[in-house]
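Quick note on numbering: our numbering labels position 133 of the sequence shown as 212, and the sequence is numbered without any gaps.
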Amino acid sequence: MKQTPSFFIFLSTFLMAQSFNVVDSFHKNGLPKEIHHYTETNNKITLSQKSYYFVNGQKEKYGPFVAGRKDGLWTEWRNDGSRLIDGQYENGDKHGVWTHWNPEGRKIKQGRIKRGKKDGTWTKYTAKGHKLWEKEYLEGEQIDIKYSIKNVFK
Numbered sequence: 080m081k082q083t084p085s086f087f088i089f090l091s092t093f094l095m096a097q098s099f100n101v102v103d104s105f106h107k108n109g110l111p112k113e114i115h116h117y118t119e120t121n122n123k124i125t126l127s128q129k130s131y132y133f134v135n136g137q138k139e140k141y142g143p144f145v146a147g148r149k150d151g152l153w154t155e156w157r158n159d160g161s162r163l164i165d166g167q168y169e170n171g172d173k174h175g176v177w178t179h180w181n182p183e184g185r186k187i188k189q190g191r192i193k194r195g196k197k198d199g200t201w202t203k204y205t206a207k208g209h210k211l212w213e214k215e216y217l218e219g220e221q222i223d224i225k226y227s228i229k230n231v232f233k
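Pasting the structure below:
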């Protein structure tokens with residue numbers, strides 16, 4: 080019986096939350112350029128996500144917002160629809176793993192960013208997926224590099 084009020088509070092909060100989209104800008108051809116996704120909870124409207132589009136209608140980038148700042152996984156695409164970059168934001172700063180992709184969908188570079196600066200190991204791959212080099216960063220400064228020459232021509 081004690082759980083019933085909690086359930087109704089949760090249910091009413093869930094039912095009262097609504098979301099809607101606003102086209103913020105258009106391309107000259109009339110297609111959306113930028114769409115903002117908002118959530119309304121308890122009479123408070125907050126920006127929850129943004130989507131950007133190329134002039135051809137393909138999605139360019141997309142990701143979530145928390146407290147008005149980029150926060151979470153953001154993805155960027157090329158204008159042909161192939162994925163370009165996946166990366167994490169935290170409180171508006173790049174923070175976490177960032178991965179770059181070639182047009183065929185292979186990983187070409189990956190590493191960590193900490194509070195907006197490269198930190199730790201970044202790895203670059205050839206078009207065929209072989210390791211080309213590893214660079215070590217500390218607070219945005221490159222401190223080491225190791226080449227994988229044996230894999231360059233494979």
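Every residue gets a Cβ at the ideal spot worked out from N, C-alpha and C, and that includes glycine.
Looking at the structure shown, is residue i part of a helix, part of a strand, or coil, going by DSSP?
i    : result
K207 : coil
N100 : strand
D198 : coil
K107 : coil
T92  : Annotation note: pLDDT 43 at T92 (below 50); position unreliable, no value reported.
D172 : strand
G147 : coil
M80  : Caution applies to M80, whose pLDDT of 45 falls short of 50 and renders its modelled position unreliable; the value that the coordinates give is listed next. Reduced to three states, the DSSP call for M80 is coil.
Whose C-beta lies closer than 8 Å to the C-beta of residue i among residues of the same chain, with five residues either side of it excluded?
i   : result
H58 : Within the shown structure, residues of the chain are numbered from 80 to 233, placing residue 58 beyond reach of any answer.
Could you check whether residue j and residue i sit closer than 8 Å to each other, using their CB atoms as the reference points?
i    : j    : result
P143 : S161 : no
K210 : Y216 : no
N135 : N121 : no
Among the options, which residue has its Cα nearest to the Cα of residue i?
i    : options                   : result
T202 : E218, G184 and D223       : D223
F133 : G171, K225, D165 and E113 : E113
I124 : P111, G109, Q97 and K138  : Q97
G171 : D150, G208, D165 and H179 : D150
S130 : K214, N108, E119 and F99  : F99
Note the first and the last residue of the continuous beta strand (DSSP E) segment covering residue i.
i    : result
L152 : G151 to W156
V134 : Here V134 belongs to no beta strand (DSSP E), and DSSP marks it neither H nor E.
R162 : R162 to E169
E220 : E220 to Y226
G184 : Where G184 is concerned, there is no enclosing beta strand (DSSP E), given that its DSSP letter is neither H nor E.
Excluding the 5 residues flanking residue i on each side, which residues of the same chain have their C-beta closer than 6 Å to its C-beta?
i    : result
V101 : H115
E155 : K140, L163 and I164
E119 : Q97
I187 : H179, N181 and Y204
Might you give, ordered along the chain, the residues of its own chain that have their beta carbon closer than 7 Å to the beta carbon of residue i, omitting 5 neighbours on each side?
i    : result
G190 : W177, K197, G199, T200, W201 and T202
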